[in-house]
Structures are given as structure tokens and as C-alpha cells.
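Asker: Quick one: this structure, given as C-alpha cells, is what I'll be asking you about.
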Amino acid sequence: MNIVLYQPEIPHNTGAIGRTCLVAGAKLHLIHPLGFILSEKHLARAGMDYWDKIDVTEYTNFDDFLTKNTDAKIFLAETRGAIPYTEAKFENNDFIVFGCETKGLPNWMLDQYADKIISIPMKKDSRSLNLSVTVGIILYEALRQTGFEGLI
């Protein structure tokens, strides 16, 4: 599986997501700009001393991501998506894109992939789950659907 963070802003969330990807055997893709610097100091502060073990790729923007992943089967995770994440049909090597913590995903991207927007059902009056929690829930559903390949 591939987890894509579109312009993440909070290093602690990215650290937690990176750790989740590491233990789940998923690849992490970061689309710039980031709201933090991936330097030794910032990584240590976010508790990401295992960062060198994570399979992570960075991209300058979404076009760069698409150019380097031409056959990507993409899902977008958005708070008010029409498809519950449990109804999505995941396959190995799918790409699940998550937006930044304060803005989510841009409208142009939501329009482009309107039939691939998934969400976690929540109470109507709630805002959203934490980004790292959302990634964990959806990633493990995708792994469940694909038989937890490579995991014990």
C-alpha cells in the first residue's frame, strides 16, 4: 500500500504516520510544500528517530507525484467523502491520498477524483479525526482487504 500526504503541516502527525507505514509495510509519499523541515533536529523533536527505516519518497508537487507514478490507482480520503472506506475495493499497491491537517485536499483534486473519495463515517456535528488516526484506520482496512500480505 501507498500512503500519500499532500502538504502535511504537523511533524508529529507525519512521524506517527511514518511509524504506522513502517510497521504496516506501506510506502509513504510526501508532496511538498511541507509545514516543517525534514532535518535531523525536526525529526528528533517529532520522535521520528526511526525515519531512516521508512520507505519514503518526496515530490515537489502533485504533478511530480503523478509523473513518477503513472499507473497509480488513487483514492482520496476526505472528511465528507461519499464512499465509506469499508466499501472501497482496495488492491495491493493502491495510493491513498490524505490532505493537510488544516485545509484537507484542494477542490481541483476532489473534482478530478470525485468517484474515488472515501471517508470514515462520523457523527454529523463532529469536525474530523486526527490525520494520523485516519491514516491508520484506512490503511489497516486496505491491508485487511488484501490479506495482510507480508505481515504477521
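Position 14 of the sequence shown, counting from 1, maps to 14 under our numbering, and the rest follow consecutively.
The beta-carbon is built from N, C-alpha and C at its ideal position, and this holds for glycine as well.
Is it buried or exposed, residue 94, if we count other Cβ atoms within 10 angstroms and call 16 or more buried?
Answerer: buried
Asker: Considering only their Cβ atoms, is the gap separating residue 97 from residue 82 smaller than 8 Å?
Answerer: no
Asker: Between residue 135 and residue 20, which are expected to be in contact by the criterion C-beta below 8 Å, what is the C-beta distance as a whole number of angstroms?
Answerer: 6 Å
Asker: Starting from residue 27, trace the beta strand (DSSP E) in both directions and tell me its first and last residue.
Answerer: For residue 27, the enclosing beta strand (DSSP E) covers residues 27-31.
Asker: Would you grab the beta carbon distance between residue 4 and residue 29 for me? Rounded to a whole angstrom, and I think it's under 8 Å.
Answerer: 4 Å
Asker: Please list the segments of the alpha helix (DSSP H) lying wholly inside the region 64-136, counting only runs of 4 or more residues, in order along the chain.
Answerer: 107-112
Asker: On the three-state DSSP scale, how would you describe residue 20?
Answerer: The DSSP-derived three-state label of residue 20 is helix.
Asker: Leaving out the 5 sequence neighbours to the left and right, which residues in its chain are closer than 8 Å to residue 137 when beta-carbon positions are compared?
Answerer: 85, 120 and 129
Asker: Is residue 14 closer than 8 Å to residue 90 when the C-beta atoms are compared?
Answerer: Their beta carbons are not under 8 Å apart, which means residue 90 does not touch residue 14 by this criterion.
Asker: Would you tell me roughly how many angstroms separate the C-alpha atoms of residue 104 and residue 88, rounded to the nearest one?
Answerer: 20 Å
Asker: Alpha carbon to alpha carbon, how far is residue 110 from residue 39? Give it in angstroms, no decimals.
Answerer: 31 Å
Asker: Roughly how many angstroms separate the alpha carbons of residue 80 and residue 151, rounded to a whole number?
Answerer: 31 Å
Asker: From this set, 112, 71, 11 and 101, which residue's C-alpha is nearest residue 2's C-alpha?
Answerer: 71
Asker: The beta strand (DSSP E) spanning residue 50 covers which residue range?
Answerer: Here residue 50 belongs to no beta strand (DSSP E), and DSSP marks it neither H nor E.
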